[in-house]
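Heads up: the sequence shown begins at 25 in the numbering used here, then just goes up one per residue.
Even glycine gets a Cβ: it sits at the ideal position worked out from N, Cα and C.
Note sheet for the following structure.
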Amino acid sequence: AAKQSPDVPLWLVGDGPLRRELEQQAAALPNVRFMGNQPHDVVRQLLQGCRALVLSSTVPENCPLSVLEAFASGKPAIATRVGGVPELFEPEPTGLTVPPGDPAALAAAMRQFWRDPDLCWHCGTQARLRVESRHDLADYVRQIEALYESLAHDMAIDAPAAIDEVNSGQRVLASTPQPLNSSTFPG
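In structure tokens:
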């Protein structure tokens, strides 16, 4: 996508096992700059100075924090349609989505935002409103507390019946809460 958009500066923030390979592929592209891992405050500054965030993941993601952070900074995003990502872009335009593994579509979206700052501003404004209205930590906590209260209520109602079943000699499986880790669900 960067090769197809030579007029669009692309800063890659982060690191991973493919970095060396990607740096070799992009060596002849003057519009691509590898920033490596950066502290959170530097990432915030970079977000403030960019036109948009690009998330070109091919792995399904539920609700990528990088997209939410861009939205909170008033920046739109360009992202691949994987996992729950498309839900972050509907119904108001908070950015552009493209099919995964389609560099031509990604390049076209990058050029569109680069050449149309008004569209970026509009989508960034909608993105900020979305993250403020739908992704508030206090709201999350209230929703989780309500869910726990509902589950506790349901369990309290069902507990006497379960005790009667056990007392009547019915065989049941029982489990005690335990911390989940990689050995709990191998693979």
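Checking the DSSP bridge columns, you'll see Trp35 partnered with Arg57. Under DSSP, Gly119 forms a beta bridge with Ala101.
For the region 107 to 177, the full-length alpha helix (DSSP H) segments reaching 4 residues or more read 127 to 139 and 141 to 158 along the chain. Taking Leu34 as reference, the option from Val66, Val78 and Leu89 with the minimal CA-CA separation is Val78. Secondary structure note for Val78: its beta strand (DSSP E) is the uninterrupted segment Leu77 to Leu79. Annotation for Ser29: Ala131, Met134 and Arg135 place their beta carbon closer than 6 angstroms to its own, counting only its chain and skipping 5 residues before and after.
Contact annotation: the region 71 to 88 touches the region 99 to 114, with at least three C-beta pairs closer than 8 angstroms. DSSP, read as helix, strand or coil, puts Val83 in coil. The straight-line gap separating the alpha-carbon atoms of Leu42 and Leu36 is approximately 12 angstroms.
Rounded to the nearest whole angstrom, the C-alpha separation of Cys87 and Gln48 is 30 angstroms.
Taking the C-beta atoms as reference points, Thr118 is found no nearer than 9 angstroms to Ala162. Scanning its chain for C-beta atoms nearer than 6 angstroms, with the 5 sequence neighbours on each side dropped, one finds no residue around Leu89. Taking C-beta atoms under 8 angstroms as the contact rule, Asn61 and Ala26 fail to qualify, at a distance of about 20 angstroms. Within its own chain, the residues whose Cβ lies closer than 6 angstroms to the Cβ of His159, once the five positions on either side in sequence are excluded, are Leu92, listed in chain order. In the three-state scheme derived from DSSP, where H, G and I count as helix and E and B as strand, Gln72 is classed as helix.
Distances from the CA of Ser81 to each of Ala103, Ala94, Phe95 and Pro63 were compared; the closest alpha carbon is that of Ala103. Sequence-distant Cβ neighbours of Leu112 in its own chain, meaning closer than 6 angstroms and more than five residues away, are Val91.
Non-local beta-carbon contacts of Pro110 in its own chain, meaning distances under 6 angstroms to residues more than five positions away in sequence, involve Thr121 in chain order.
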